[in-house]
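Only one structure is covered here, and it is reproduced in the block below.
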Amino acid sequence: MSARDTIETYFTAFNAGETDKMLDCLADDIAHHVNEGQVREGKEKFAAFNDHMTRCYKEELTDMVIFVNEDGTRAAAEFIVNGTYLATDEGLPEAKGQTYRLPAGSFFSLRDGKITRVVTYYNLADWIRQVSA
1 MSARDTIETY FTAFNAGETD KMLDCLADDI AHHVNEGQVR EGKEKFAAFN DHMTRCYKEE
61 LTDMVIFVNE DGTRAAAEFI VNGTYLATDE GLPEAKGQTY RLPAGSFFSL RDGKITRVVT
121 YYNLADWIRQ VSA
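Spelled out as C-alpha coordinates, the structure:
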(Lines of atoms letter the chains of each structure in order from A and count residues from 1; the text may use other names and numbers.)
(Lines give C-alpha, C1' and ligand atoms only; values in the text may rest on other atoms or scores of the structure.)
Protein backbone atom coordinates (compact mmCIF):
# COMPACT_ATOMS: atom_id res chain seq x y z
CA MET A 1 0.00 0.00 0.00
CA SER A 2 1.35 3.45 -0.87
CA ALA A 3 1.82 6.12 1.79
CA ARG A 4 -1.15 8.04 0.36
CA ASP A 5 -3.31 4.89 0.47
CA THR A 6 -2.30 4.26 4.09
CA ILE A 7 -3.18 7.82 5.15
CA GLU A 8 -6.48 7.76 3.25
CA THR A 9 -7.38 4.39 4.83
CA TYR A 10 -6.50 5.75 8.28
CA PHE A 11 -8.77 8.78 7.92
CA THR A 12 -11.60 6.82 6.29
CA ALA A 13 -11.50 4.46 9.27
CA PHE A 14 -11.47 7.45 11.66
CA ASN A 15 -14.59 8.91 10.08
CA ALA A 16 -16.31 5.50 10.20
CA GLY A 17 -15.39 5.01 13.89
CA GLU A 18 -13.47 1.85 12.98
CA THR A 19 -10.55 1.88 15.41
CA ASP A 20 -9.44 -1.63 14.39
CA LYS A 21 -8.96 -0.46 10.80
CA MET A 22 -7.01 2.54 12.06
CA LEU A 23 -4.81 0.18 14.08
CA ASP A 24 -4.15 -1.87 10.94
CA CYS A 25 -2.49 1.21 9.43
CA LEU A 26 -0.05 1.55 12.34
CA ALA A 27 3.34 0.01 13.00
CA ASP A 28 3.58 -1.81 16.33
CA ASP A 29 6.00 0.87 17.60
CA ILE A 30 3.70 3.79 16.72
CA ALA A 31 4.54 7.07 18.46
CA HIS A 32 1.31 9.05 18.90
CA HIS A 33 1.94 12.71 19.70
CA VAL A 34 -1.33 14.07 21.07
CA ASN A 35 -2.15 17.78 20.83
CA GLU A 36 -1.18 19.38 24.16
CA GLY A 37 -0.47 15.94 25.64
CA GLN A 38 2.11 13.24 26.16
CA VAL A 39 3.58 10.93 23.52
CA ARG A 40 1.89 7.52 23.64
CA GLU A 41 3.94 4.64 22.29
CA GLY A 42 2.48 1.41 20.94
CA LYS A 43 -0.83 0.29 19.48
CA GLU A 44 -2.34 -0.53 22.90
CA LYS A 45 -1.99 3.07 24.10
CA PHE A 46 -3.27 4.36 20.75
CA ALA A 47 -6.36 2.13 21.07
CA ALA A 48 -6.97 3.28 24.66
CA PHE A 49 -6.74 6.92 23.55
CA ASN A 50 -9.26 6.26 20.77
CA ASP A 51 -11.63 4.56 23.23
CA HIS A 52 -11.47 7.66 25.45
CA MET A 53 -12.00 10.01 22.50
CA THR A 54 -14.97 7.97 21.24
CA ARG A 55 -16.61 8.27 24.67
CA CYS A 56 -16.11 12.05 24.86
CA TYR A 57 -16.38 13.21 21.23
CA LYS A 58 -18.11 12.41 17.96
CA GLU A 59 -16.03 13.81 15.11
CA GLU A 60 -15.98 13.79 11.34
CA LEU A 61 -13.07 15.13 9.33
CA THR A 62 -13.87 17.02 6.13
CA ASP A 63 -12.08 19.16 3.53
CA MET A 64 -9.15 16.71 3.68
CA VAL A 65 -5.97 17.52 1.77
CA ILE A 66 -3.14 14.97 1.97
CA PHE A 67 0.49 15.68 1.14
CA VAL A 68 3.13 12.92 0.71
CA ASN A 69 6.88 13.28 0.13
CA GLU A 70 8.51 11.61 -2.87
CA ASP A 71 9.78 8.49 -1.10
CA GLY A 72 6.59 7.93 0.93
CA THR A 73 8.24 8.18 4.34
CA ARG A 74 6.53 11.40 5.42
CA ALA A 75 3.02 12.74 4.97
CA ALA A 76 0.76 15.49 6.24
CA ALA A 77 -2.95 16.20 6.13
CA GLU A 78 -4.96 19.35 6.61
CA PHE A 79 -8.66 19.09 7.42
CA ILE A 80 -11.65 20.47 9.31
CA VAL A 81 -12.82 18.73 12.48
CA ASN A 82 -16.62 18.81 12.77
CA GLY A 83 -17.52 17.54 16.20
CA THR A 84 -19.94 17.13 19.05
CA TYR A 85 -18.73 17.16 22.67
CA LEU A 86 -20.49 14.15 24.22
CA ALA A 87 -19.03 13.62 27.70
CA THR A 88 -16.92 15.90 29.89
CA ASP A 89 -13.21 15.32 29.40
CA GLU A 90 -11.13 15.80 32.55
CA GLY A 91 -9.81 19.35 32.93
CA LEU A 92 -12.00 20.72 30.13
CA PRO A 93 -15.37 22.52 30.11
CA GLU A 94 -18.52 20.55 30.88
CA ALA A 95 -19.98 18.65 27.93
CA LYS A 96 -23.55 19.49 27.00
CA GLY A 97 -23.66 18.24 23.43
CA GLN A 98 -21.94 21.36 22.09
CA THR A 99 -20.82 21.33 18.47
CA TYR A 100 -17.55 22.70 17.15
CA ARG A 101 -15.69 23.19 13.89
CA LEU A 102 -11.89 23.48 13.90
CA PRO A 103 -9.11 23.54 11.33
CA ALA A 104 -6.50 20.89 12.19
CA GLY A 105 -3.55 19.03 10.78
CA SER A 106 -1.68 15.78 11.21
CA PHE A 107 1.90 14.84 10.39
CA PHE A 108 3.05 11.29 9.75
CA SER A 109 6.19 9.20 9.44
CA LEU A 110 5.82 5.89 7.58
CA ARG A 111 7.89 2.74 7.22
CA ASP A 112 7.01 -0.25 5.02
CA GLY A 113 3.52 1.13 4.38
CA LYS A 114 2.71 1.56 8.09
CA ILE A 115 2.43 4.73 10.15
CA THR A 116 5.23 4.96 12.73
CA ARG A 117 4.45 8.46 14.02
CA VAL A 118 1.35 10.63 14.03
CA VAL A 119 1.25 14.18 15.38
CA THR A 120 -2.04 16.08 15.42
CA TYR A 121 -2.45 19.80 16.01
CA TYR A 122 -5.47 22.05 16.50
CA ASN A 123 -6.13 25.27 18.39
CA LEU A 124 -7.27 24.17 21.86
CA ALA A 125 -8.16 27.74 22.89
CA ASP A 126 -10.48 28.00 19.87
CA TRP A 127 -12.11 24.67 20.78
CA ILE A 128 -12.63 25.82 24.39
CA ARG A 129 -14.13 29.10 23.17
CA GLN A 130 -16.55 27.22 20.91
CA VAL A 131 -17.76 24.73 23.53
CA SER A 132 -17.98 27.42 26.23
CA ALA A 133 -20.14 29.80 24.19
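Here the sequence shown stands for residues 1 to 133, where the numbers follow the UniProt record's numbering.
Every residue gets a Cβ at the ideal spot worked out from N, C-alpha and C, and that includes glycine.
Close beta carbons around residue i, own chain, < 7 Å, minus the five adjacent residues each side
i: K43; result: L23, L26, D28 and I30
i: K58; result: G83, T84 and L86
i: P93; result: I128, V131 and S132
i: E60; result: N15 and N82
Extent of the continuous beta strand (DSSP E) to which residue i belongs
i: N82; result: R74 to Y85
Element boundaries [alpha helix (DSSP H), containing residue i]
i: A125; result: L124 to S132
Distance CB(residue i)-CB(residue j) smaller than 7 Å
i: N82; j: T62; result: yes
i: S106; j: V118; result: yes
i: P103; j: I128; result: no
i: L110; j: A3; result: yes
i: M1; j: G97; result: no
i: C56; j: D5; result: no
8 Å Cβ shell around residue i - same chain, five flanking residues per side excluded
i: T39; result: The displayed chain sequence assigns Val, not Thr, to residue 39. Result list for V39: A31, H32 and H33, in chain order.
i: T19; result: A13, A47, N50, D51 and T54
Sequence-distant residues of the same chain with beta carbon closer than 6 Å to residue i, five excluded per side
i: Y10; result: M22 and C25
i: E78; result: V65 and G105
i: F67; result: A76
Please list the segments of the beta strand (DSSP E) lying wholly inside the UniProt domain "SnoaL-like" (7–118), counting only runs of 3 or more residues, in order along the chain. 26–33, 39–41, 57–68, 74–85 and 99–111
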